[in-house]
Amino acid sequence: MINIESKTEEGICELMVGGEVDASSSIHLDNALSEALSDHKKIIVNLTGLEYISSAGLGVFMSYLQQIENESIRLVVFGMKEKVQEVFQILGLDQLLNITDTRASALGIIEDASV
Amino acid sequence: MHQFKTSCKREKLREIREFISEVLKDIGFSENEAHKVILAVDEVCANLIIHSNKCNPTECLEIYVEDNKQGVVTFDIVDYGIGFNYNNYKEPNLEEIVRKRKKGGLGIMLVKNIMDSVEFSQENNKNVCRLMKKFHVKK
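So the protein lines, in turn, are chains F and E.
65 is the number of the first residue of the first sequence in the working numbering; add one for each residue after it.
4 is the number of the first residue of the second sequence in the working numbering; add one for each residue after it.
Pasting the structure below:
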């Protein structure tokens, strides 16, 4: 089961992804991320409630990296549980994404980047 | 020997993970250790359900888990679809995945990283993926 919510405050879109992202549910993450990327230049992805992610979910993030770079979109992921972060680390994907611990730090990075 | 049989639907992946989680807990895996092993089994099952069996719910998937009591657990994942030719498998390049905006190709890479051994074999119309994982036996 996957839960996704989004809200936008002061020009920053926050995507909250919780539950489990697998080959069955990753389509919802894909749709939400695609929508956020088409409407916003500053996005924070809140993974505090994420319990599980498989390659299908990792693949969703990977597939938008090029767009993020091409369109100078700022996207910061935060709040991953250790077991989830380890999955990103296995293949080194943590090096390709902007990942931080807390929401405050994610917002800091987003604002800093906009200077 | 623990076994689980299910149909080739993506929605079954969650039940598969729950089954593997219970078995690993019984065997004595720590939660952290179990998380990655569950992921590896999920990846193989997702591939078999989606690619080998085209999500056909009338096809079945069988999982057998054996603990040899000496720190090695073996997973046999059996299906009857189009066999995966592991010999032809070429590890994708991460940069290429990013450049081509591909969503797939990472699953088997994860499995190979997590498990100590990964083998695919075919016998008549039956395909078996055997995964092995060494673990620390709790005294």
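Think of the CB as a built atom: it goes at the ideal place given N, C-alpha and C, for glycine as much as any other residue.
Predicted model, so just to flag it, every value in this text is computed and none were measured.
Exposure label - lysine 28 (chain E); buried when at least 16 CB within 10 Å: On the second sequence, position 25 is the one that residue 28 (chain E) refers to. The C-beta of lysine 28 (chain E) has fewer than 16 other C-beta atoms within 10 Å across all chains shown, which makes the residue exposed.
Beta carbon proximity, glycine 31 (chain E) to chain F, threshold 8 Å: Start at 1 with the first residue of the second sequence, and residue 31 (chain E) comes out as number 28. By this cut-off, glycine 31 (chain E) is not an interface position.
Neighbourhood of valine 179 (chain F) by C-beta, 7 Å cutoff - its chain only, sequence neighbours within 5 removed: If you number the first sequence from 1, residue 179 (chain F) lands on position 115. Bear in mind that the predicted position of valine 179 (chain F) carries a pLDDT of just 47, short of 50, making it unreliable; the figure below should be weighed with that in mind. Nothing listed; no residue qualifies.
Beta-ladder partner(s) of tyrosine 67 (chain E), from DSSP: Sequence index remark: in the second sequence, residue 67 (chain E) carries index 64 (1-based). Per DSSP, E:Gln6 and E:Asp79.
Whole-angstrom distance between leucine 157 (chain F) and arginine 102 (chain E), CA atom to CA atom: Locating residue 102 (chain E) in the second sequence gives position 99, where the first residue counts as 1. Locating residue 157 (chain F) in the first sequence gives position 93, where the first residue counts as 1. Distance between the alpha carbons of arginine 102 (chain E) and leucine 157 (chain F): 14 Å.
Three-state secondary structure assigned by DSSP to phenylalanine 123 (chain E): On the second sequence, position 120 is the one that residue 123 (chain E) refers to. Residue state, collapsed to three classes: strand.
Residue-level contact to chain E via CB, valine 151 (chain F), 8 Å cutoff: On the first sequence, residue 151 (chain F) is found 87 positions in, with the first residue counted as 1. Judged by the 8 Å Cβ criterion, valine 151 (chain F) is in contact with chain E.
Buried or exposed by the 16-neighbour rule on C-beta atoms within 10 Å, applied to methionine 112 (chain E): Within the second sequence, the letter at position 109 stands for residue 112 (chain E). Answer is buried; the Cβ neighbour count reaches 16.
Residues that DSSP places opposite phenylalanine 142 (chain F) in a beta bridge: In the first sequence, residue 142 (chain F) corresponds to position 78, counting from 1. Paired residues: F:Asn110 and F:Thr164.
Counterpart residues of lysine 136 (chain E) in DSSP-defined beta bridges: Here residue 136 (chain E) corresponds to residue number 133 of the second sequence, with the count starting at 1. Answer by DSSP bridge pairing, in chain order: E:Val76.
Residues of the segment 34-47 of chain E whose Cβ lies closer than 9 Å to any Cβ of chain F, in chain order: Result list: Glu34, Asn35, His38, Lys39, Ile41, Leu42, Asp45 and Glu46.
Alanine 37 (chain E) vs serine 118 (chain F) beta-carbon contact at 8 Å: Against the second sequence, residue 37 (chain E) aligns to sequence position 34. Against the first sequence, residue 118 (chain F) aligns to sequence position 54. Result no, Cβ atoms of alanine 37 (chain E) and serine 118 (chain F) do not sit closer than 8 Å.
The segment 70-87 of chain E contacting the segment 114-134 of chain E, beta-carbon criterion three pairs below 8 Å: These segments touch.
Backbone CA spacing between glycine 74 (chain E) and methionine 135 (chain E) [nearest angstrom]: The count along the second sequence starts at 1 and reaches residue 74 (chain E) at position 71. The count along the second sequence starts at 1 and reaches residue 135 (chain E) at position 132. The alpha-carbon separation between glycine 74 (chain E) and methionine 135 (chain E) amounts to approximately 10 Å.
Cβ neighbour criterion (16 or more within 10 Å) applied to asparagine 56 (chain E): Walking along the second sequence from the start, residue 56 (chain E) turns up at place 53. Buried.
Contact set between arginine 13 (chain E) and chain F, taken where Cβ atoms lie within less than 7 Å: On the second sequence, position 10 is the one that residue 13 (chain E) refers to. Taking a Cβ-Cβ cut-off of 7 Å, the neighbours of arginine 13 (chain E) in chain F comprise Ala87 and Ser88, given in sequence order.
Three-way DSSP call (helix, strand, coil) for isoleucine 68 (chain F) in this model: Taking the first sequence and counting its residues from 1, one reaches residue 68 (chain F) at position 4. Residue state for isoleucine 68 (chain F) is assigned as strand, using DSSP reduced to three classes.
Nearest-angstrom Cα separation, counted from glycine 121 (chain F) out to glutamate 21 (chain E): If you number the second sequence from 1, residue 21 (chain E) lands on position 18. If you number the first sequence from 1, residue 121 (chain F) lands on position 57. Cα-Cα distance, rounded: 19 Å.
For leucine 16 (chain E), the first and last residue of its enclosing alpha helix (DSSP H): The sequence position of residue 16 (chain E) within the second sequence is 13, counting from 1. Where leucine 16 (chain E) is concerned, the enclosing alpha helix (DSSP H) stretches over 16-30.
Short CB-CB distance (under 8 Å) between isoleucine 163 (chain F) and chain E: Translated into positions along the first sequence, residue 163 (chain F) becomes position 99. Not one chain E Cβ lies under 8 Å of isoleucine 163 (chain F).
The beta strand (DSSP E) enclosing glycine 82 (chain F), as first and last residue numbers: Position 18 of the first sequence, counting from 1, holds the residue named residue 82 (chain F). Looking at the DSSP string, the run of the beta strand (DSSP E) that includes glycine 82 (chain F) is 76-85.
Counted within 10 angstroms of its Cβ, other Cβ atoms place serine 102 (chain F) as buried (16 or more) or exposed: Translated into the one-based positions of the first sequence, residue 102 (chain F) becomes position 38. Counting C-beta atoms within 10 angstroms of its own C-beta, serine 102 (chain F) has fewer than 16 neighbours from the protein chains shown and is therefore classed as exposed.
Cβ-heavy atom distance, aspartate 165 (chain F) to the ligand ADP, below 7 Å: Only the bare structure without any ligand can be found here, which leaves the ligand ADP out of the picture.
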